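Mapping of the sequence shown onto this note's numbering: residues 80 to 512, in sequence order.
All C-beta atoms in this analysis are idealised placements derived from N, C-alpha and C, irrespective of residue type, glycine included.
Please read these numbers as outputs of a predicted model, since none were measured by experiment.
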Amino acid sequence: MSQMSHTKSIVVLAGAALGFSGVATAQSNTAWSSANADEVRAIVAEMMSDAETRSSLLQSGATAGHDGKFFLASPDGNFRLNVSGQVQFRHYMNFSDGPSVGFNGATHDSFEAGFQTRRTKLQFEGHIFDPNLFYRVLGAYNRNGGNFQLEDAFVGYRFGNGWHAKWGQFKLPFLREESNSSTMMLAVDRSLTNNYFTQGRSQAIEVGYTEEMWKAMFAFSDGFRSSNSEFDTNPADFGFTGRFEFLVDGDWGQFRDYTSPRGSNFGLLLGAAAHYEQGADRFMQIPTSHYDFFGWTVDATLQGDGWNLFAAYIGSYNDVHTGGNFTDHGFVVQGGAYLTDDFELFGRYDILIPDDNTFNDNINSITAGFNYYLHGHAAKFTMDVVWVLDETVAVDPITGASSAIFGNQRGLGLLGSSEENEVVVRTQFQLLF
Numbered sequence: 080m081s082q083m084s085h086t087k088s089i090v091v092l093a094g095a096a097l098g099f100s101g102v103a104t105a106q107s108n109t110a111w112s113s114a115n116a117d118e119v120r121a122i123v124a125e126m127m128s129d130a131e132t133r134s135s136l137l138q139s140g141a142t143a144g145h146d147g148k149f150f151l152a153s154p155d156g157n158f159r160l161n162v163s164g165q166v167q168f169r170h171y172m173n174f175s176d177g178p179s180v181g182f183n184g185a186t187h188d189s190f191e192a193g194f195q196t197r198r199t200k201l202q203f204e205g206h207i208f209d210p211n212l213f214y215r216v217l218g219a220y221n222r223n224g225g226n227f228q229l230e231d232a233f234v235g236y237r238f239g240n241g242w243h244a245k246w247g248q249f250k251l252p253f254l255r256e257e258s259n260s261s262t263m264m265l266a267v268d269r270s271l272t273n274n275y276f277t278q279g280r281s282q283a284i285e286v287g288y289t290e291e292m293w294k295a296m297f298a299f300s301d302g303f304r305s306s307n308s309e310f311d312t313n314p315a316d317f318g319f320t321g322r323f324e325f326l327v328d329g330d331w332g333q334f335r336d337y338t339s340p341r342g343s344n345f346g347l348l349l350g351a352a353a354h355y356e357q358g359a360d361r362f363m364q365i366p367t368s369h370y371d372f373f374g375w376t377v378d379a380t381l382q383g384d385g386w387n388l389f390a391a392y393i394g395s396y397n398d399v400h401t402g403g404n405f406t407d408h409g410f411v412v413q414g415g416a417y418l419t420d421d422f423e424l425f426g427r428y429d430i431l432i433p434d435d436n437t438f439n440d441n442i443n444s445i446t447a448g449f450n451y452y453l454h455g456h457a458a459k460f461t462m463d464v465v466w467v468l469d470e471t472v473a474v475d476p477i478t479g480a481s482s483a484i485f486g487n488q489r490g491l492g493l494l495g496s497s498e499e500n501e502v503v504v505r506t507q508f509q510l511l512f
């Protein structure tokens, strides 16, 4: 049956139903009100409209469905829109030694607990006019207040010979731990050391080249953590970032996450990246501190038959022309192993070694937990414990003034402590759609 015949059939059936209703009403001598008649006419009109819409879509050949993501696409494949989302819901139990000064300078109790919607995101991505002309728009609801905020917004083009370019707002190609999507983390969240050095999101232009066994990316940007900002916003005038990856064994696709289920092939990926940015000594005619910032990192990822390992070293040098210079270092090592096809144990150790002029002590933390995969990353339950061995907030014994090396880390479940041994128990369910 053709689409037009299908539409006509629905219209005829709807008309017949209305006519039959009139006959039945006359036979039963029941007087319908004008409201009932209007309701039936509205139903018939809605059926006709729906039939015409379906007929139009079928005639155009447009497709819709789910092939890992919900999508709408044109019949020739030149237009496609993927719609997806992420929900991470958590419970935290935070323990510290006595009332302690936190990252925000306020005192918190020795035990704090509660729920948090850590991430709620909506993503629209695909291509337009040509499968090589791609785009992405990603937004997230703020966990504190619920405001919707832009995260990614970029357009790009694949040139077909290994080259690609993209421009807009996205994560610069620097730390691998940060660059890997939050939908595919091994633990409940990233490491504390990662959050100290993280590049965040920036407004930038990136050019990349991929070969069978290696890839390189280079970006020109407004500097680290410059998302949703105006062109004349402090602090950086410009930034350059480069990353190189070498695929020793395996395939690129298996390194989109850290986990490696039973039956997976062996893979080894090596990476290195560097970043430089500079801030001007004058902004809006107001003198400020001119600075030069360098960052560097190397990392290695191994995956095998039911096990995985990851290690990274990160360093940074910040030369503030009116305030001295600071060199910080950090290490992250983590790994996981499957005990069954769906149950995975994991552990992580990370250390931040700040400059003596930045903070007076190294910060060590240990994380251990498990994943239970109901449907891969799309529906999984994760529970872990993070133990920060050292104080993360310094308090002057004379003045009582506090200083913290970190900003707000409630997204990790950490409040900061002027004492050693802050511990947080984190429970999370993740759903991807």
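Counting Cβ pairs, one atom from each stretch, are 3 or more of them under 8 Å apart for the stretch 218-225 and the stretch 286-300?
-> no
In chain order, what residues of the same chain lie with their CB nearer than 6 Å to the CB of V216, ignoring the 5 residues before and after it?
-> If you number the sequence shown from 1, residue 216 lands on position 137. F203, A232, listed in sequence order.
CA-to-CA distance, R197 to F460, given in whole angstroms | Taking the first residue of the sequence shown as position 1, residue 460 is located at position 381. Taking the first residue of the sequence shown as position 1, residue 197 is located at position 118. The alpha-carbon atoms of F460 and R197 are separated by roughly 14 Å.
Member of F190, M172, H170, V465 whose CA lies at the smallest distance from the CA of S179 = For this step, residue 179 is matched to residue 100 along the sequence shown. Closest by alpha carbon: F190.
Find the nearest neighbour of D330 within the set M292, Q357, G318, Y355, judged by alpha-carbon distance.
-> Walking along the sequence shown from the start, residue 330 turns up at place 251. Per the C-alpha coordinates, the member of M292, Q357, G318, Y355 positioned closest to D330 is M292.
To the nearest angstrom, report how far apart G98 and D117 are at their CA atoms.
-> As a first step, residue 98 is located in the sequence shown; it is residue number 19 there, counting from the start. As a first step, residue 117 is located in the sequence shown; it is residue number 38 there, counting from the start. Reliability fails at G98, whose pLDDT of 46 lies under 50, so the model's placement of it is uncertain and no value is given.
Taking the beta strand (DSSP E) that T461 falls in, what are its first and last residues?
-> Position 382 of the sequence shown, counting from 1, holds the residue named residue 461. Element bounds for T461: 458-467.
Secondary structure at T272, three-state DSSP: helix, strand or coil?
-> Mapped onto the sequence shown, residue 272 falls at position 193. If DSSP states are grouped into helix, strand and coil, T272 belongs with the helices.
Would you identify the three-state DSSP class for Q364, choosing helix, strand or coil?
-> Here the question's residue 364 lines up with position 285 in the sequence shown. Below a pLDDT of 50, predicted positions are generally treated as unreliable, and Q364, at 43, falls in that range; no measurement from the model is reported.
Cβ shell of F405 (< 7 Å), same chain only, five flanking positions each side left out = Counting from 1 along the sequence shown, the entry for residue 405 is found at position 326. Answer for F405: N397, D434, N436, T437, listed in chain order.
If you compare alpha carbons, which of S258, G241, S306 is closest to N211?
-> Within the sequence shown, residue 211 is the residue found at index 132, counting from 1. Comparing Cα positions, the closest option is G241.
8 Å Cβ cutoff met for L494 and H170 = Translated into the one-based positions of the sequence shown, residue 494 becomes position 415. Translated into the one-based positions of the sequence shown, residue 170 becomes position 91. No.
With burial defined as no fewer than 16 other Cβ atoms inside 10 Å of the residue's Cβ, what is the status of F303: buried or exposed?
-> Residue 303 sits at position 224 when you count from the first residue of the sequence shown. It is buried - the Cβ of F303 has at least 16 other Cβ atoms within 10 Å.
Quick one: using the 10 Å Cβ neighbour count with 16 as the cut-off for buried, is R361 buried or exposed?
-> The sequence position of residue 361 within the sequence shown is 282, counting from 1. Low confidence applies here, because R361 scores a pLDDT of 44, under 50, leaving its location unreliable; read the following figure in that light. So R361 counts as exposed.
Secondary structure of I122, DSSP reduced to three states = By 1-based counting over the sequence shown, the position of residue 122 is 43. Helix, per DSSP.
Would the stretch 253-262 and the stretch 375-392 be scored as touching if the rule is three or more Cβ pairs under 8 Å?
-> yes
Is there at least one non-hydrogen atom of the ligand FAD closer than 7 Å to the beta-carbon of R269?
-> As far as ligands go, the structure on display features none, and thus does not contain the ligand FAD.
Look at the alpha carbon of M462 and the alpha carbon of Q507, and state the distance between them as a whole number of angstroms.
-> Along the sequence shown, one-based indexing puts residue 462 at 383. Along the sequence shown, one-based indexing puts residue 507 at 428. Taking the straight line from one Cα to the other gives about 6 Å.
May I ask you to report which of helix, strand or coil DSSP gives G287?
-> Stepping through the sequence shown from its first residue, residue 287 is reached at position 208. In the structure shown, G287 sits in a strand (DSSP, three-state: E or B).
Classify A391 as buried or exposed, calling it buried when 16 or more other Cβ atoms lie within 10 Å of its own Cβ.
-> The residue labelled residue 391 in the question sits at position 312 within the sequence shown. Label assigned to A391: buried.
Spatial neighbours of T262 in its chain, beta-carbon cut-off 8 Å, leaving aside the 5 residues before and after = As a first step, residue 262 must be located in the sequence shown, where it is residue number 183. Q165, H456, Q509, L511, listed in sequence order.
F425 and G409 closer than 8 Å at C-beta = Looking up residue 425 in the sequence shown gives position 346. Looking up residue 409 in the sequence shown gives position 330. In this structure, G409 does not lie closer than 8 Å to F425 by Cβ.
Reducing DSSP to helix, strand and coil, say where F194 ends up.
-> Within the sequence shown, the letter at position 115 stands for residue 194. Three-state result, F194: strand.
Compare the C-beta of W466 with all C-beta atoms of chain B and state if any pair is closer than 8 Å.
-> Within the model displayed, chain B is absent; a lone protein chain is all it includes.
Three-state class that DSSP yields for N108 in the structure shown | The count along the sequence shown starts at 1 and reaches residue 108 at position 29. Its pLDDT being 44, under 50, N108 is placed unreliably by the model, and the measurement read from it follows with that caveat. Coil at N108, not helix or strand.
Endpoints, the beta strand (DSSP E) within which S163 is located | Numbered from 1 along the sequence shown, position 84 holds the residue referred to as residue 163. Taken as a continuous stretch (DSSP letters only), the beta strand (DSSP E) holding S163 covers 159-174.
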